[in-house]
Amino acid sequence: MSSDADYLAFLDKANAQREAGASQTLSQSSEPYTQTVDTGVRVPEALTSIDEYYVSETDEPFEPVALKWPEAAYGKWPGGDIFASLVTGTSPHPGSVDIISEREFDPRNRYAAVFHAVRAATSAYDTVRESINIKIYRMEMTSTRFQYWILALDPEEGTIVGFRTKAVES
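First residue of the sequence shown? That's 1 in my numbering, and the numbers climb one at a time after it.
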């Protein structure tokens, strides 16, 4: 590039092409909709202050999750299929749903603030021990698109709280 003006023109053209392609991609996407916050459910304040991105082939934000789950009062987690129907509203979910460990999700300990916020979002949070159990659901949306749900049970509220993020893994 010979000048700043040429470089800016190049960037403008590239962004216009990308935006045009993104709108086409969105309309052609077959990825199912997933709900992160149920109507009438309060999002815990601890989840609203996180400004982190999950790094994969695309960088995606961690979005707060607050879903009704009456079984939380009994310490019961939904299985993969039940969880998928909870967030998609349909059953069965066409892709796999696996439960993975914190170490599998975050082998380099990059997302410690995310895990801390999930634990702090529950009414049973113990600041001394951080003893809240977290589950991570890895939901296959398409052959290369996945959603990760980092969650804790909130027994007093009868909810599942935490974060959802998306990943592209080809």
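Glycine residues also receive a C-beta, built at the ideal position from the N, C-alpha and C atoms. Here the structure is a predicted model, which is why all the values come from computation and not from measurement.
| query | result |
| --- | --- |
| In this structure, does DSSP put residue 158 in helix, strand or coil? | coil |
| If we ignore side chains and look at the alpha-carbon of each, how far apart do residue 39 and residue 159 end up? | 12 Å |
| Given that a residue counts as buried once 16 or more other Cβ atoms are within 10 Å of its Cβ, and exposed if not, what is residue 94? | exposed |
| Per DSSP, what kind of secondary structure is residue 59 in: helix, strand or coil? | strand |
| Measure the CB-CB distance between residue 97 and residue 137 and report whether it falls below 7 Å. | yes |
| Measure from the alpha carbon of residue 57 to the alpha carbon of each residue in 156, 146, 67, then state which is nearest. | 146 |
| Sorted by chain position, which residues of the same chain lie with C-beta nearer than 7 Å to residue 48's C-beta, five sequence neighbours on each side aside? | 64 |
| Just tell me which of 36, 77, 55 has its CA closest to the CA of residue 108. | 55 |
| Please list, in chain order, all residues of the same chain as residue 31 whose beta carbon is under 7 Å from its beta carbon, the five residues on each side excluded. | 141, 142, 145 |
| Taking 6 Å as the limit between beta carbons, can you name the residues of its chain near residue 80, skipping five residues before and five after? | 97 |
| Report yes if the C-beta distance between residue 112 and residue 46 is below 7 Å; otherwise report no. | no |
| Buried or exposed, going by whether 16 or more other CB atoms sit within 10 Å of the CB of residue 8? | exposed |
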